[in-house]
Every structure is written in structure tokens, then in C-alpha cells.
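Some notes on the structure that comes next.
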Amino acid sequence: MANFNRRRVLRGMLNGGAVTVALPLLNCFLNGNGNALASGAPMPVRFGNWFWGCGMNARIFTPAKFGANFEFPEESAPLTKVKKHLNMFSNYNAYRDGAPNLCHYSGWVIIKTGQAPESRTDRPASTIDTLVARQIGRTTRFPLLTATATGSANTSFSYENGTPNPAEWSPLNFYTRLFGPEFQNPNAATFTPSPRVMARKSVLSGVMEQTKSLMAEVGAEDKVRLDQYFSGLRGLERQFDLQLTKPTPIAACVPEKAPKDPQTGMPSELVAERHDLMTQLMVMAVACDQTRVFNMAYSEAQAATIKVGYEKPHHTTTHEEPVDDKLQYQPVVSWFTLRAMEKMADFVEAFTKIKEGDGTLLDNCLIYCTSESGLARIHSNDGIPIFTAGRAGGRMKTGLHFDGKGTSHGKIGYTVMRLMGLDVKSFGTKSNEASSPIGEIVA
Amino acid sequence: MRLVRGMAALAISVALTSCAQPSSDHAAAVTPNAVMSSGAMKEPEGDSLRRLRLLTSDQYINTLAYIFGDDVKVDANFAPLPRTEGLLVVGASKAGITESQVEQYQRVAAAVSALAVDRRHRDFIVGCAPADAKGADAVCAAKFLSAVGRLLYRRPLSDALLKEAVDNAGETAVRLKDFYAGLQLALEGMLLSPRVLLVADTAEPDPMNPGRQRLDAYSLASRLSLFLWNAAPDDALLKAAESGALQTEKGRTLAVDRMLASPRLEAGVRAFFDDMFGFDQFTALAKDPMIYPAFTGKMAADAREQTLRTVVDQLIVKKKDYRDLYTTRETFLSPMLGAFYGVPASTWVPYEAPAGDPRVGLLTQVSFLALHSHPGRSSPTLRGKALRELLLCQPVPSPPANVDFSALENPDPRIKTQRARLELHRTNPVCAGCHKITDPIGLALEHFDGSGQYRETEKGAPIDASGALDNRQFTDTVGLGQSLHDSPALSSCLVKRVYSYATGSTMSADDRTTLEYLDTRFAAQGYRLPALLRSIALGDAFVTIRNVPPPAAKTASLSAP
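Protein sequence lines correspond, in order, to chains A and B.
Under the numbering used here, the first residue of the first sequence carries the number 2, and numbering increases by one thereafter.
Under the numbering used here, the first residue of the second sequence carries the number 6, and numbering increases by one thereafter.
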């Protein structure tokens, strides 16, 4: 098995029909650290998510051509600067299978879980990022990190067991969590295991025992919650263990000084400022191997971004701005989409600024970028745009535009999970169920 | 004793199933005649659910402040709770716990315990000095940890738990050659305990009612304390639990009356209304700085504070009728709000609007007006929806999917007012069903723009502030406030929310009799909030635990090979 070359096998496999290949074979090449770098050095592959709300207008957003020779039209033009790092997926749909269309909710839940919610209180069980974190997040200080540019901890699309991972909303707080006193600089000249952390670890074992004893006193549903608590304590234990282990030096890990929090508010300029600060921190968190799974939300699903001087925020504008007779689209809505695309391009580009191995940090990432609607004006779940960025450690081709021809987003979700090494035979339910990857994307 | 006696006639309305017929979602409203004849009404047999509740950030912060003093204050922004049937606190009974949240608990625990035993606080907080500050001292450690542990765990520590904590302190003190570092780590461990961060109701057989279960005394103490103080029990309440007095009618009455008279009640009442009014949305409230330059983050904070001050003053200090909150001319102004109102205020000052002033009641306060508007303009629809959902417990359906709203938009510059614009919605049959139950309410508040500022005109056109709430017509905000005041759903909604808050539960058919009883009693007691809090806290349903079969746990959709 060890003599197999992962690329060769995947190529052969996909040419011959990916569906039929036995899973263990695939796993040995997709699981864990990537071996795809030309240098041969094992580099971890990281998984990222980037979200913006209120979709786009396909008429001016979707490139006319599919394959490699496409150009981004006016509404997605800011992505041109990172085009070679991206794949774009058009004409994929989120199927509700009879569940109600919960405006600005059903779309992202289907994309991230493969299952349509029945109501707004029907919270996603586990989103793709948390499933990936279970696989690749066990060796870093943080299994995953979630941040937003909105300034609100509620802007999170990351769910674990039906519970949201609250978003880091203050750049300063985020900095302190990452690079404050608990940060162990991998490039520090000396390493002394902290006796305080040793003591902490010892105290923790008692807390775990208390959790177990409480589990015996509650009903089945609450037992599940306490089991989650117990997993959290295990996570803490892992963090303490890492703090007691000498870290491997990482040349690219050079945290900057603590940022200042921008003022509160939703004008696009302020959102952009917060986004830039959060991006810098997130990139450095990944570069310093503090996490291998990261999420960034540019806006809420019902985006509240403001165009200064215009009376309505992004989401309201999508519903209420008249379609311009000449342009045949909503000009202010398009203005909002452009601001989001600028930030997505900046986010992707930021990962190219860190050198890693023979390439850049982005080469060892797979960043999954989504919205929650297609044409938000009519709450459409059809054609919700999706992008991937990065090469996933050489596992994934880039620079391609795929035509879903009305198939489910589940196919993309499944492909992404397999590329990240998840040992799953399918993703999603009913019309969103997928059990084979998009072959053309695998390098 | 438990039979309903003198049960008044109740006006039962039909549950809301469409936009056509709004009604209370617990479907009970009290007629004025029923109120008059219900003074001697006895509580019916009732019960509530056994809960495992996450402490909210505020409950955690308040508890620590009461134990260690206001100085020991840290930023404890725990994960947002899912708002459930109108309340975040109810969501705390269902919310799961993620790894990142446990990590956050640990960070906060480390910060709190470091502060509590640092050089500035240790003499005051620890209460004893070690024989040697560079080593272990089991006696002093046990004294501190048993006292603090009892308040944090909300019951005395078992011998095993105390021994574990003292051992933790001792081992760390020796390892780090620092007695206080030992206390710090032991305290950090306590603050991370699920028995501290989660409030687990413990039930026991009810000796007065064979076959039924009740909360044990400590769980009752916690439930009372979270309800009335939004914090863990104090020493006196735990003593009442320890002695068994809390389980007697006399002892429980004494305890509840003491809690209602305590200054801590204010924090409890604030927490309830902050939750019921959805004020957590203030953290994300933003206005367009070009359109509303005066509406800053400080303004938003002051607006929230103004409403909470008004509520406490009217309902707790002056013990007024709850319904009068929506017609009162009394409030408070900060310097910033003073500038907004055009009334000078050098600090927070009481203020009474003059006769004829349109600012009457909570609906005309900046908190309600600005929170339920767009960043750059007012929204009669959002305001009407908020009034129905928050104050009348009448859910308004979401807009239909796959409707092209912009088809209703008319770029005609001659349309200047919200009323004219919304007229288009109300003439479209798809939209009209819901807009007719929200817009006639919100249009009465159109003299206030999206930031809550008073205006005579909108884009130069005069404003018509007439409207209707259900079948009652009015011509201005004063009329809206009075109609809301007179709506039977207003008080029954409060009763439902307070009881739901007290028990940490959503309401079901099993709670109906209890809610009807509380409605009637609230009316008979002149709609006084302290009386309602007392009725709930002393009620049988508050302490009796319902027997329910466990529901199935939710499973993920992912399939493994």
C-alpha cells in the first residue's frame, strides 16, 4: 500500500469511475497529512470556509464559459486577481425535498449539512467544518476557529451537535485568544514546560469525573449535552498536553502586535476593516499551526452591511430595490456583492503571502466559499454560488469553472470532505445525497 | 386543596395559524369581569419540567460579583443561546456545548481565579492566611474552598469534592511553591465543573403528595434565585435549604419575600425584561452614520438603559400596573438622550413628558423604535411585528419565499411616506394577509424615524399616524399605547413569559391551567409585577416536577461506511 503514489491512484481511479473504488484505498492517500509537495516534506492540509450573505445575480456574476478559459464578469470581477487559485461551481441547487423554504436559512444549512431544515428552530446538527475538525483538528491547539467581520458573535455558520460555535467578533479578543499569554511561540529560543499547566491538567481529571457522575443523574437528552461537555474537557486536556510539548519551529509564524478594535457599525468600510484584521489574525493562526480548520463570515445570511448614505442594508435592498430598466439588474445590490467579492479575493490572497514548503500556505489549504442564496431578491436556493480556493496540498486542481447542470450542492460537499480525508461513503440526504466526488477536480 | 375553586370564565381565543387571525399563542385571555370575581381563587394542581440549564453569561457574572465583590469582573461572553419561544433563558435548557465553549469557560475561569487571589484581593476574599505562603495549608485552603464552593455549587460540597479541591490546592502549592497559586488552580477547577456551569434540577419524592416529585431544597433555592435575582443563591437562602425551612410553606414565604425585598431583585427584573424585549439585538444594532449621525453606539446603550430604568422604576420602585408601562409619561434621560429629546440632562435624571407630547410609553422610547427599524429608515412592519411577537406573544409568519418583492417597489419619487409605500403591500393579496396585522400598528409610530427621533414630516410630506390594533382604531401614538394597555393579550403574554422564564421551559398544554390561574390572579392583583413574581415563586407548579418520558436524541445526517 505504501508504494502507491496518491496522485497516480486518484487519476486512475477517477478515469475509471470514482464510485467503485474501495474506501480504504482512497483513505490511505487522502487521510491526514498531505504528501503531495514536490519537496516530499509532509505538510498538513487545512480546511477553511468563507461565507457571504445574499448571493449574487447570475446574469452579471457567472462566467459565460465553463472549464479553464473563463473570465469573471462585472459582479465577480474582483476575484480575477486570485482566479488561478479558485474553482467556481455554478448551476448547483440546494434541494428542500418538501421542507419549507426558510428564507436565508435553508440554503446554507443544506450546503453545509446536506439536509434541509424543517423549521428555523431545527438547527444544523454538524456542519462540514466541524466534521472535518474531528478528523484533522485533534493535533492543534484549537480544533477549529470561527471569526466574523460583522462584530457579532452570533454570525456563525459552524455548528457542532446542533450548537453554534460562537464567532470571534473582536480582533483584539481574537488576538488575545491566539497570541496572548497562553501562546507558545514555536520559534522561542528555549522551552520549559509550565508547572502551572501541569497542575491545570491534574485538576482537569477531577472535573471529568464530576461530569461523568452528573451524567448518571440526568435524562437521555441531557446526557448527550454532558457528553459534549466531556468532549470539550478532552479538548482542553489535549491543549494542555500540547502546551507541555516542545513545539516544532515554524519560520512563517511571526505574529504581529495586538490590533485595535474598529468602532462598531455596519458600513461596508468598517466591515472591510474588521475583515482585514480578522483575516491577518486567521492567516497567522493557521501559519503558526494553532488550528487546521478555520471559518470566516463576511456577513450574516441576511447581510446587514450598509452603503453609507443609502437607507437600506444589503438584505433589505435585495428585496426592495427596483430592477434598473437599462441595466436589467439592481445596481445597489450589485454594489454590495462587489464589496463582498473584494473581501473574498483579499482573504484568499492573504494565504498566498505566507511561504510554506515550495509554495504558499494557500497551496496547502482548501477554502470553501459559499453564500446562502442564488438570486436573493426571490430567496432562490437554485444556483447558490460556491468556490473553492487553494490546492489542498496538491490534491485539487484549480482555475476551473464547473457546470452543475442542476445537480445538488451535496456533490461539492462530498468532494470537499473526501479531499480533506474524511472516511465517509456519502453526504447529505434525499436529493442532496452524494456518494461520489467530482472527478475532474481531483489532481 | 389543589382543586380549582371559583375559577373565572376565561375568554379562550383560537391559536394563530395564519395571518388572518392574530391571537395569543397560549390562547388564554382574561376578561375584566373574571378579574373582579377571582380574588379567592386557589392554585390548581400544576407542575413544571426538570431542567439542566446552562448558566447565562449574566448569571455567571452576577454570581461571581456577589461572592467575590464587584472588583472581580471579567469579560464572560459565553456562546449565544438559541432564543426559544421568545426567551434566551429557555434556550439555556436545550443548548448544547461545543469544545470552543468549554475552552472559553476555562479561559474565564483562569482569569477569575487569578483575580480573586491576587495581592489586591486575597486578604479580603480568602479570609484566612496560610502558615507559610510558599507551601500548602490544608486548613486555610479548606476554609476558603468550602465556603466558596458552597456558593458556586449552590449546595454544600460533599466531603469527596472538598477533599479533591483541597488536594488540588495543596499539590499545586507545593509544585509552584505558592499557597495562593494552589488556591487559584483549585478555584479554577471548581469554575470549570459542570455542576457549577450547569444548573441540574434534582428531584425527590414529595412527602405531602405521595406519588409526585418535587425539587429538592437546593434545587428550589437555585430556581428561585435564578428567577428573582438572575444569580446563584446567597448564604441565607442556602441556609434555608439546609435547615429544611425552604420546603415549608412558612419558610418558603419568608425566603421569597426577603428575595423580593432585596436590592438583587433589580438585577433579576432587568434580566427578564432585557430577555423578553430582545435587547440582545442591541449588540448588533447599527445605524447608517450618514443618515442618523446622532445615533452612536453610546446612544444605543443609553436607549437600552433608559427602558430598563423605566421598567424598574415603574414596576418595582413604584409598584405600578404593568400595562401602564405603555402609557406612562415618566422615564429617565441621560445627557445623550437629553440632547435627542431636546431636554438638557447633565447626568441620568428622571423626566416626565409634558401633556400633549407624543412620547408616551415604552413604544415611543428609542430602544423600541430604533431596534425595530432599518439602518436608514423606519419600518412600520418591523415595529408592528415586534409589538405582536414580543409584547402580545403572537407570532407573525415570515414573508413567503419565492416572491419578487421588488415588483411591489415603486420608484415613483412622488411616493414619499412609508404609509404610501406600504399601501402597495396591502393591496397585494399575497402580502396583505400578514401586513394588515403589523402595519396598522407600526404606522402609528411613524412620527419617529429609524433612529427614534421625532419628525413632523417624511420627505416633506405630512405624516398620518392613525392606525389600528385589532379592531381598535386610533389617530396617534397615545392611542396606540392605550389600545395596547387595554389589550387582554398584553398581560397574559407577560404572565406566560415570566412563568416560562421562571421554570426555564417552553409552555405546553400541560401548563395551560397554571397559566390561566396566574393570568386571573395577576389581574386580580392589579397587574403588579412583584405580586406575579410572588405567585409564581410560591406556587406548587414551580416546585412540583412533571413526569415525562425522555424524548429521542437528535442524530446527524452523515452516514459512515
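All residues carry an ideal CB built from backbone N, CA and C; glycine is no exception.
My guess is that residue i and residue j are in contact by the Cβ rule of under 8 Å, so how many angstroms apart are they, rounded?
{"i": "His315(A)", "j": "Cys104(A)", "result": "The pair is not a contact, with the Cβ atoms about 14 Å apart (cut-off 8 Å)."}
{"i": "Leu392(B)", "j": "Ile446(B)", "result": "5 Å"}
{"i": "Phe428(A)", "j": "Phe90(A)", "result": "The Cβ separation is near 15 Å, so there is no contact."}
{"i": "Ala119(B)", "j": "Arg58(B)", "result": "Going by Cβ atoms, the distance from Ala119(B) to Arg58(B) rounds to 27 Å, so no, they are not a contact pair."}
{"i": "Ser227(B)", "j": "Ala241(B)", "result": "Rounded, the Cβ-Cβ distance is 14 Å, inconsistent with contact."}
{"i": "His440(B)", "j": "Thr369(B)", "result": "Not confirmed; about 22 Å, so no contact."}
{"i": "Pro167(A)", "j": "Pro87(B)", "result": "Not confirmed; about 12 Å, so no contact."}
{"i": "Gln111(B)", "j": "Leu179(A)", "result": "About 15 Å; that fails the 8 Å criterion."}
{"i": "Val287(A)", "j": "Arg47(A)", "result": "6 Å"}
{"i": "Thr312(B)", "j": "Ser372(B)", "result": "4 Å"}
Who does residue i pair with in a DSSP beta bridge?
{"i": "Lys356(A)", "result": "Thr361(A)"}
{"i": "Tyr223(B)", "result": "Note: Tyr223(B) sits in no beta bridge, so no partner."}
{"i": "Ile368(A)", "result": "Gly49(A) and Ala390(A)"}
{"i": "Ala208(B)", "result": "Leu220(B)"}
{"i": "Arg477(B)", "result": "Leu474(B)"}
{"i": "Asn331(B)", "result": "Here residue 331(B) is Tyr; the residue named in the question, Asn, does not match the sequence. Per DSSP, none; premise fails for Tyr331(B)."}
{"i": "Ile297(A)", "result": "Per the sequence shown, residue 297(A) should be read as Met rather than Ile. Bridge partners of Met297(A): Trp51(A) and Ala148(A)."}
{"i": "Arg58(B)", "result": "Val204(B)"}
{"i": "Asp383(A)", "result": "Asn94(A)"}
{"i": "Tyr356(B)", "result": "Thr336(B)"}
{"i": "Gly397(A)", "result": "Gly is not the amino acid found at residue 397(A); the sequence shown has Met there. Answer by DSSP bridge pairing, in chain order: Val443(A)."}
{"i": "Met89(A)", "result": "Phe388(A) and His402(A)"}
{"i": "Thr422(B)", "result": "According to DSSP, which records beta bridges pairwise, Thr422(B) is partnered with nothing at all."}
Tell me which same chain residues have a C-beta within less than 8 Å of the C-beta of residue i, skipping the five on either side of it?
{"i": "Asp326(A)", "result": "none"}
{"i": "Val309(A)", "result": "Pro268, Ser269 and Glu270"}
{"i": "Lys421(B)", "result": "Glu463, Lys464, Gly465 and Ala466"}
{"i": "Ala273(A)", "result": "Ala150, Arg340, Glu343 and Lys344"}
{"i": "Arg139(A)", "result": "Arg239"}
{"i": "Cys254(A)", "result": "Asn186, Pro187, Asn188, Met285, Ala288, Cys289 and Asp290"}
{"i": "Ile439(A)", "result": "Phe403, Lys412, Ile413 and Thr416"}
Near residue i, what residues of its chain come up, given a Cβ to Cβ distance below 7 Å and the 5 sequence neighbours on each side ignored?
{"i": "Ala302(A)", "result": "Gly54, His105, Tyr106, Trp109 and Glu373"}
{"i": "Val548(B)", "result": "Arg219, Leu220 and Leu225"}
{"i": "Gly33(A)", "result": "Below a pLDDT of 50, predicted positions are generally treated as unreliable, and Gly33(A), at 35, falls in that range; no measurement from the model is reported."}
{"i": "Val55(B)", "result": "Note that residue 55(B) is Arg in the sequence shown, not Val. These residues qualify, in order along the chain: Asp206, Ala208 and Ile550."}
{"i": "Val117(B)", "result": "Leu69, Val77, Val79 and Leu196"}
{"i": "Gly411(A)", "result": "Gly115, Phe428, Gly429, Asn433, Glu434 and Ala435"}
{"i": "Trp336(A)", "result": "Lys308"}
{"i": "Cys133(B)", "result": "Cys145, Lys148 and Phe149"}
{"i": "Lys324(B)", "result": "Arg533 and Pro535"}
{"i": "Thr258(B)", "result": "Leu543"}
{"i": "Met248(A)", "result": "The residue you asked about is not Met; residue 248(A) is Pro in the sequence shown. Excluding residues within five positions, the ones whose Cβ falls inside 7 Å are Gln185 and Pro187."}
Which same chain residues, not among the five before or five after residue i, have their C-beta less than 6 Å away from its C-beta?
{"i": "Glu209(B)", "result": "Asp221"}
{"i": "His31(B)", "result": "Note that His31(B) has pLDDT 43, beneath the 50 cutoff, so the model's placement of it is unreliable and the number below is only indicative. Hits under 6 Å: Lys501, Met512 and Leu520."}
{"i": "Thr81(A)", "result": "Phe73"}
{"i": "Thr508(B)", "result": "Ser53"}
{"i": "Asn552(B)", "result": "none"}
{"i": "Glu169(A)", "result": "Ala148 and Phe175"}
{"i": "Ile66(B)", "result": "Ala81"}
{"i": "Thr318(A)", "result": "Val333 and Val334"}
Touch check for the segment 66-78 of chain A and the segment 351-365 of chain A: three-plus C-beta pairs under 8 Å?
no
Name, going along the chain, the residues of the segment 91-108 of chain A whose beta-carbon falls closer than 7 Å to a beta-carbon of chain B.
Asn102 and Cys104
Within the chosen definition, does the segment 237-244 of chain A reach the segment 198-212 of chain A through at least 3 CB pairs nearer than 8 Å?
yes
When Cβ atoms are compared, which residues of the segment 373-400 of chain B fall closer than 7 Å to chain A?
His379, Pro380, Gly381 and Arg382
Would you check if there are 3 or more beta carbon pairs closer than 8 Å linking the segment 251-263 of chain A to the segment 220-227 of chain A?
no
Against chain A, which members of the segment 106-130 of chain B pass a CB distance test of less than 9 Å?
Gln106, Val107, Glu108, Gln109, Tyr110, Gln111, Arg112 and Ala115
Cβ-based contacts, 7 Å cut-off: residues of the segment 395-411 of chain A near chain B
none
Three or more C-beta pairs closer than 8 Å, one from the segment 179-193 of chain B and one from the segment 174-193 of chain A: is that the case here?
no
The segment 149-156 of chain B contacting the segment 192-207 of chain B, beta-carbon criterion three pairs below 8 Å
yes
Identify each residue in the segment 279-296 of chain B for which the Cβ-Cβ distance to at least one residue of chain A is less than 7 Å, and report them in chain order.
Thr288, Ala289, Ala291, Asp293, Pro294, Met295 and Ile296
Give, in chain order, every residue of the segment 133-154 of chain B whose Cβ lies closer than 9 Å to some Cβ of chain A.
none
Anything in the segment 499-529 of chain B with a Cβ closer than 8 Å to a Cβ of chain A? List those residues in chain order, please.
none
Three or more C-beta pairs under 8 Å: does that hold for the segment 264-274 of chain B against the segment 347-355 of chain B?
no
For the segment 299-333 of chain A, list every residue whose C-beta sits within 8 Å of some C-beta in chain B, in sequence order.
Ala305, Ile307, Val309, Gly310, Tyr311, Glu312, Lys313, Pro314, Thr317, His320, Glu321, Glu322, Pro323, Val324 and Gln331
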